[in-house]
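Residue numbers (our numbering), protein chains in the order written: chain V, 1 to 115; chain R, 1001 to 1114.
First comes the structure, then the notes that go with it.
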Amino acid sequence: AQTVTQSQPEMSVQEAETVTLSCTYDTSESDYYLFWYKQPPSRQMILVIRQEAYKQQNATENRFSVNFQKAAKSFSLKISDSQLGDAAMYFCAYRSEYTGNQFYFGTGTSLTVIP
Amino acid sequence: SAVISQKPSRDICQRGTSLTIQCQVDSQVTMMFWYRQQPGQSLTLIATANQGSEATYESGFVIDKFPISRPNLTFSTLTVSNMSPEDSSIYLCSVEKTSSYEQYFGPGTRLTVT
């Protein structure tokens, strides 16, 4: 099974600053999908951004962008102009193109935004 | 995206009893998933539920303990049977929209077993 590693259990950032959350994964597949999910305290998990492995261009959604390094199997999330509402647990996830619909989640990074 | 609701949102149950959690989606979906999440931890997949077929369980989860129903394309239930305090957790359902490869999550059911 694929493994997803988030090596930063906790991160903090000053409001309006930029923070990068790290994610690495282990796979022998060439086609797959990567995701970042956000789970605010006691609230619903929501999709932040997705990246298709066949795309070289890094995905961007407003203040959120990724740095996808396929050869290094790295998929980091950059949050620019951090806001208080960005405080949450962030999960990186992997989905295979071929071997079923299962998502493999990392252990999460808890992000604190300091006013 | 998809709008997903779960009932109940939380419950406190006694050891040895069972609880059925409902998951309702606002559109038809083929794939539904049930996860367990300990507070502050990652998600563990319990099973995948396709409409019209038996649910597929992950290692460590069995149908007798976590029976699942999937009567139509917008609804599923997960039952936690013969509960023990170790079953205290958050249970999440999610759906995958066909051809999007994205999963959307319900708000979760927080279960406490005493």
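All C-beta atoms, glycine included, are put in the ideal place defined by N, C-alpha and C.
* Asked: How is the beta strand (DSSP E) around Ala1071(R) delimited, first residue to last?
  -> According to the sequence provided, residue 1071(R) is Pro. The question's Ala does not apply to it. Its beta strand (DSSP E) spans residues 1068-1072.
* **Minimum Cβ-Cβ distance from Thr107(V) to chain R less than 8 Å** => It does; some Cβ of chain R falls within 8 Å.
* Asked: Relative to the C-alpha of Phe1066(R), which residue among Phe1105(R), Glu1102(R), Val1080(R), Tyr1104(R) is closest?
  -> That would be Val1080(R), whose Cα lies nearest to the Cα of Phe1066(R).
* Going along chain R in order, which residues have a C-beta closer than 8 Å to the C-beta of Phe91(V)? -> Neighbours of Phe91(V) on chain R, chain order: Ser1042, Leu1043.
* To do: Measure from the alpha carbon of Lys70(V) to the alpha carbon of each residue in Ala87(V), Pro40(V), Phe91(V), Cys23(V), then state which is nearest.
  => Closest option to Lys70(V), Cα to Cα, is Cys23(V).
* To do: For Glu29(V), name the three-state secondary structure that DSSP assigns.
  => Three-state result, Glu29(V): coil.
* Among Lys73(V), Arg95(V), Leu77(V), which has the Cα closest to the Cα of Thr20(V)? -> Comparing alpha carbon positions, the residue from Lys73(V), Arg95(V), Leu77(V) closest to Thr20(V) is Leu77(V).
* Asked: So Tyr1035(R) is in the beta strand (DSSP E); what residue range does that whole segment cover?
  -> 1031-1037 is the extent of the beta strand (DSSP E) around Tyr1035(R).
* **chain V contact residues for Thr1048(R), given Cβ-Cβ distances below 9 Å** => Taking a Cβ-Cβ cut-off of 9 Å, the neighbours of Thr1048(R) in chain V comprise Gly100, Asn101, Gln102, given in sequence order.
* To do: Taking Phe105(V) and Val4(V) to be in contact with their CB atoms under 8 Å, please state how far apart those CB atoms are, rounded to whole angstroms.
  => Yes, they are in contact, since the Cβ atoms of Phe105(V) and Val4(V) sit about 6 Å apart, within 8 Å.
* Could you tell me whether the Cβ atoms of Ile1021(R) and Tyr1035(R) are closer together than 8 Å? => A distance of 8 Å or more separates the beta carbons of Ile1021(R) and Tyr1035(R).
* Neighbour list for Gln44(V) in chain R, Cβ cutoff strictly below 8 Å -> Residues of chain R passing the Cβ test: Phe1105, Gly1106, Pro1107, Gly1108.
* Residue environment, Leu1043(R), which counts as buried when at least 16 other CB atoms sit within 10 Å -> Buried, because 16 or more other Cβ atoms sit within 10 Å of the Cβ of Leu1043(R).
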